[in-house]
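If you want this note's numbering, it's the 1-based position in the sequence shown plus 19.
The beta carbon of each residue, even a glycine, is placed where N, CA and C say it ideally should be.
First comes the structure, then the notes that go with it.
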Amino acid sequence: MGDVTGLPGVAAAAAPRGWSARARSVRRLRCVAVVATLLVALGAPGWAEAPQDEPRVLLLYTNDIHDHVRPGADGVGGLPWVAGYVAGVRAQRDDVLLLDAGDAAEKGDLVAFLTHSELTFEAMGRIGYDAIAVGNHEHNLGLNQLRRLDALTGHRLLALNFIGADGLPMFAPSRVFERGGARIAVIGMALPRTHDTLDFAASAQALGRHAVMLREQAAADLVVVVAHVGTEDASRWSRAAPEVDVFVTGHTHQTLEAPLRVPETGALLVQAGANARKVGRLELALRHGERPDVLSAEIVVLDHERSAPDEAMLAWIKQREAELAPGAGEVVVQLEAPLGWFAIARLSAAAIRHHAQADIGLYHPTHVVRNPLVPGAVTVNDLFRAASDRGHPLVEVELSGTEIEAYLLALARRDPRRWGETQWSGFRVTRSGDGALTTDLETSRRYRVVMPQREWEKRFLRLTEQLQGAERDGPLAARAFTARPAGFSSVDALAGYLADLPESVEQTLARLAAAQGDADPLEATAEALFMARTYRNAE
Numbered sequence: 020m021g022d023v024t025g026l027p028g029v030a031a032a033a034a035p036r037g038w039s040a041r042a043r044s045v046r047r048l049r050c051v052a053v054v055a056t057l058l059v060a061l062g063a064p065g066w067a068e069a070p071q072d073e074p075r076v077l078l079l080y081t082n083d084i085h086d087h088v089r090p091g092a093d094g095v096g097g098l099p100w101v102a103g104y105v106a107g108v109r110a111q112r113d114d115v116l117l118l119d120a121g122d123a124a125e126k127g128d129l130v131a132f133l134t135h136s137e138l139t140f141e142a143m144g145r146i147g148y149d150a151i152a153v154g155n156h157e158h159n160l161g162l163n164q165l166r167r168l169d170a171l172t173g174h175r176l177l178a179l180n181f182i183g184a185d186g187l188p189m190f191a192p193s194r195v196f197e198r199g200g201a202r203i204a205v206i207g208m209a210l211p212r213t214h215d216t217l218d219f220a221a222s223a224q225a226l227g228r229h230a231v232m233l234r235e236q237a238a239a240d241l242v243v244v245v246a247h248v249g250t251e252d253a254s255r256w257s258r259a260a261p262e263v264d265v266f267v268t269g270h271t272h273q274t275l276e277a278p279l280r281v282p283e284t285g286a287l288l289v290q291a292g293a294n295a296r297k298v299g300r301l302e303l304a305l306r307h308g309e310r311p312d313v314l315s316a317e318i319v320v321l322d323h324e325r326s327a328p329d330e331a332m333l334a335w336i337k338q339r340e341a342e343l344a345p346g347a348g349e350v351v352v353q354l355e356a357p358l359g360w361f362a363i364a365r366l367s368a369a370a371i372r373h374h375a376q377a378d379i380g381l382y383h384p385t386h387v388v389r390n391p392l393v394p395g396a397v398t399v400n401d402l403f404r405a406a407s408d409r410g411h412p413l414v415e416v417e418l419s420g421t422e423i424e425a426y427l428l429a430l431a432r433r434d435p436r437r438w439g440e441t442q443w444s445g446f447r448v449t450r451s452g453d454g455a456l457t458t459d460l461e462t463s464r465r466y467r468v469v470m471p472q473r474e475w476e477k478r479f480l481r482l483t484e485q486l487q488g489a490e491r492d493g494p495l496a497a498r499a500f501t502a503r504p505a506g507f508s509s510v511d512a513l514a515g516y517l518a519d520l521p522e523s524v525e526q527t528l529a530r531l532a533a534a535q536g537d538a539d540p541l542e543a544t545a546e547a548l549f550m551a552r553t554y555r556n557a558e
């Protein structure tokens, strides 16, 4: 096995950055429609039969693991089950490559969060991943932590378009492996962002050049890309890099039961859901100078009743959890029905207000809550997963009644798909027919308000900066705002609040909703979409 690190012309490829985060968001919303029109799904009846003397390779792949190191709460998935499945396949054949398309970090279990995702990447190193793409959630952790995570995997992070100040990749752009009598080149591609990466177009150009170089200089029989982009963006890159045979994709959390083929290039696109629930399999026969034949393709669901974990890894994860988060498995409450965005945020607003003995609690549903709570026993770890890193740190701030009302009104007047409204505890809202809202807060009184740090930074302060930058008048443009750490987390508050409830969760939610006054008119629609999306991704 050898590394290919030369990349002629990368510095010159750093073109002006485009394709904004907003544009990427819109494209993700259109993803299903675009895939339907631009890509061709392959079906099992079309699998090829290859002569036994042709080189073969089996690609096993995951994506968007998101710190799911514990056993899945619904009896599906978790990294110990990925480890057990991979070990079983490797025991049967020696032509296996194990790949991941990025976003192994964040959004998952409490014990992984407390290690800044180091536990996850150490587990991936123990499993023996051959190549791992850099996702946006790894990028969020910063370059120094990225380097630590890379070391924990045995330096398996690949990122051609993750560029330093010198214009060169900050991680290995690719590796070449010997498997099944063939040379297989794997290139890593990060999600293009506004810093540290080439933009989308420059990434495409660099990928095209690098793939050609691997064919010509490294004598690659197969070129595979692990890319933290969805299938639509991967298909665009394919047209700029026709030498690539396979794209292992991520970011959109799709489950592709069969590979998609890009009509213009013949490249295959695969993806395997999210949260360490599934492992994809793609078996290929290689023919010199031609596209590989698909011998078989499958998405393996890691159901605990039908698959076995790696017992050593499971014991190790449990040991680390006992050391770092000993209460994570403690059952807090029993749920009769699932709770979505708004229900969790409504409970959390009341819980953090109660814990801090503050006047008001705010908790943004769509910007802070990540996952629903499902019926059955709810543990401390489940509460953490509901908002994970987004809801963990809290802040306290003093705001006047006029400023709080202005914040709510500013949220209500912005695009609900991007901003949405927050949830509140400690006052009552009245809405008029024209969309205006008022509260029963005293306008000049200063209130102690507690909220997630993410809401404070990404919603409240952003709104004030926009208003002040536009030189507008009003309560949010009149002064500089500062906050201080609250000294506890939303998990602490919510666990204590739910454990002490004198009534059912459903009764509590009805009481809190009545105390709030007039709800967000889009709440029911947004909640239904959230739950539908969540359960679709979990299938």
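Check residue i in the structure and name its three-state DSSP category.
i, result
"E440", "coil"
"R212", "coil"
"K297", "strand"
"E8", "The question about residue 8 has no answer, for the chain in this structure spans 20 to 558."
"Q338", "helix"
"A55", "In this prediction, A55 has a pLDDT of 40, which is less than 50 and means its spatial position is unreliable; nothing more can be read from the coordinates."
"T385", "helix"
"I84", "coil"
"E1", "There is simply no residue 1 to check, as the chain begins at 20 and stops at 558 in what is shown."
"L187", "coil"
"Q111", "helix"
"A396", "strand"
"V352", "strand"
"F446", "coil"
"E73", "coil"
"S222", "helix"
"A291", "strand"
"L516", "The sequence as given places Tyr at residue 516; Leu does not occur at that position. Of the three classes helix, strand and coil, the one that applies to Y516 here is helix, per DSSP."
"A239", "coil"
"A431", "helix"
Take residue i as the anchor and find which of the options has the nearest alpha-carbon.
i, options, result
"K297", "S523, A286, G94, A543", "G94"
"R280", "H272, N294, P261, H270", "P261"
"A201", "L541, G103, R75", "R75"
"R478", "D453, Q442, D492", "Q442"
"R212", "Q526, S136, V153", "V153"
"Y382", "R464, A191, S509", "S509"
"E474", "W335, R167, A502, L168", "A502"
"V524", "A497, G359, A375", "G359"
"E276", "V265, T284, V263, G299", "G299"
"G96", "Q472, A429, S367, I318", "I318"
"E462", "L480, E424, V231, L495", "According to the sequence displayed, residue 462 carries Thr and not Glu. For T462, the nearest C-alpha among the options comes from E424."
"L303", "L171, H85, P278", "P278"
"D215", "A184, L241, I203, S193", "A184"
"L168", "L541, E137, G186, P192", "E137"
"V378", "A362, S419, T385, A364", "The sequence given here places Asp at residue 378; Val does not occur at that position. Ranking A362, S419, T385, A364 by Cα distance to D378 puts S419 first."
How would you label residue i, buried or exposed, when you count the other beta carbons within 10 angstroms and need 16 or more for buried?
i, result
"S222", "buried"
"R49", "The predicted model places R49 with a pLDDT of 37, which falls under 50 and marks its position as unreliable; any figure quoted below should be read in that light. Classification of R49: exposed, given that the 10 Å Cβ count is below 16."
"H158", "buried"
"G476", "One detail in the question is off: residue 476 reads as Glu in this sequence, not Gly. Classification for E476: exposed."
"E251", "buried"
"H270", "buried"
"G28", "At G28, the pLDDT of 33 sits below 50, so the modelled position is not reliable and the matter cannot be decided from this model."
"V350", "exposed"
"E235", "exposed"
"S451", "exposed"
"P282", "exposed"
"P163", "Note that residue 163 is Asn in the sequence shown here, rather than Pro. With fewer than 16 other Cβ atoms within 10 Å, it is exposed."
"A225", "buried"
"Q111", "exposed"
"D539", "buried"
"R175", "buried"
"N329", "Just to set this straight, residue 329 is Asp in the shown sequence, not Asn. Flag for D329 reads buried."
"G199", "buried"
"Q535", "buried"
Could you check how far apart the C-beta atoms of residue i and residue j are, in whole angstroms? I think they sit under 8 Å.
i, j, result
"G410", "V387", "5 Å"
"L301", "L98", "Actually they do not touch by this definition, with Cβ atoms about 21 Å apart."
"M13", "V244", "Because the chain spans 20 through 558 in this model, residue 13 falls outside it and cannot be assessed."
"G249", "T268", "6 Å"
"F196", "L116", "6 Å"
"L528", "A362", "6 Å"
| query | Quick one: any contact between the stretch 135-153 and the stretch 311-326, if contact means 3 or more CB pairs under 8 Å? | reply | No, the stretch 135-153 is not in contact with the stretch 311-326.
| Is the number of C-beta pairs between the stretch 129-143 and the stretch 316-326 that are closer than 8 Å three or more? | Judged by pairs of C-beta atoms under 8 Å, the stretch 129-143 does not touch the stretch 316-326, as fewer than three such pairs exist.
| For the stretch 100-108 against the stretch 325-334, are there 3 or more C-beta pairs whose distance is under 8 Å? | The stretch 100-108 is in contact with the stretch 325-334.
| task | Answer yes if the stretch 397-404 comes into contact with the stretch 340-349, meaning at least three C-beta pairs across the two stretches below 8 Å, and no otherwise. | result | Below 8 Å, enough C-beta pairs join the stretch 340-349 and the stretch 397-404 to call them touching: three or more.
| task | Decide if the stretch 513-528 is in contact with the stretch 365-372; the criterion is three or more beta carbon pairs, one per stretch, under 8 Å apart. | result | Segments in contact, yes.
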